[in-house]
Amino acid sequence: MMSKRQLFHPPSKPNQAGFTVIESLMAIIVVSILMIGLSPVIVLSVATRVQARRVERATQAARTYIDGLQAGTIDFPLHTVPVADATNKNSFAVIGAPNSSVNLSSCSGNTYCQNTASESLYCIDFDDDGGCTSDSLIDMIVQGYRSVPSGTGTVTSPENSYFLGVRVYRADAFSGGRTLTAGTQKATFTGGTGLSSSEAPLVEMTTEVNASEVNYQNLCDRLGGCN
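For the sequence shown, position 145 (counting from the first letter as 1) is numbered 145 according to full-length UniProt numbering, and the numbering increases by one without interruption.
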């Protein structure tokens, strides 16, 4: 027969395991500090990917424009630059940025928004909404300008070979009275954010558009004239 002492079991103590309020607050503070430290890296990584994608689109826009000129499906730019010879294209480097006040509201997709002797701007409609708009984040505006022999008059025939300068800007840069830039700021990551200035060209390049039928006079014109 069991004694009363053997039958009596004292109640067990409640389980005290788990986080206290102070420990939970400390964990939240530690995680917050880590996130604050990592956030610049995350922001820079995302911004760099966004900028890289923009440069990729701008390069595609430039190639589309150049290929169209070479195939004859796009009219050559009327904006001309006198060039003395084939080895000196300094005149191309000093061509100013386009005027951001150009109205894009009437700029149809994949056509010139403006094509004059002082400004040739071509719309690349990436969002397929029928045109380039100043509130689009992916539409591109191509600034094109071509060489003419200095001292021999303006060559207007598209059959003639010429040097071609191309700059590609974001369409949303043509808003708010911004001052567009050109030159060394193109396609750069600035300000520690991974993004370049929206007023600077994403891509800037110089290439050559050859005549459909090259002859001696075409070659002379391209080189700046033959003595």
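All C-beta atoms in this analysis are idealised placements derived from N, C-alpha and C, irrespective of residue type, glycine included.
CB of residue i within 7 Å of CB of residue j, strictly
i      : j      : result
Ser134 : Asp172 : yes
Val209 : Ala58  : no
Pro77  : Ser105 : no
Gly131 : Ser108 : yes
Val142 : Tyr162 : no
Asp127 : Ser136 : yes
Buried/exposed call for residue i, threshold 16 Cβ in 10 Å
i      : result
Met35  : exposed
Thr20  : exposed
Thr207 : exposed
Ile66  : buried
Met26  : exposed
Ala62  : buried
Pro40  : exposed
Leu38  : exposed
Gly144 : buried
Val83  : buried
Val148 : buried
Those residues which DSSP pairs with residue i across a bridge
i      : result
Pro82  : Val148
Tyr112 : Tyr122
Val55  : DSSP lists no partner for Val55.
Met205 : Val166
Candidates the options, of which the one nearest residue i by Cα
i      : options                        : result
Tyr112 : Ser147, Arg167, Ile124         : Ile124
Met205 : Gly183, Gly165, Thr181, Leu180 : Gly165
Leu180 : Val168, Ala200, Tyr162, Arg167 : Ala200
Ser175 : Arg167, Pro98, Asp127, Ala52   : Pro98
Arg53  : Pro149, Ile138, Ile42          : Ile138
Asp75  : Arg49, Ile28, Ile22, Thr116    : Thr116
Asn90  : Gly177, Ser24, Ser150, Glu23   : Ser150
Beta-carbon separation (whole angstroms), residue i vs residue j, contact threshold 8 Å
i      : j      : result
Val94  : Arg146 : Not quite, the Cβ-Cβ distance comes to about 15 Å (not below 8 Å), so this is no contact.
Arg167 : Ala182 : 6 Å
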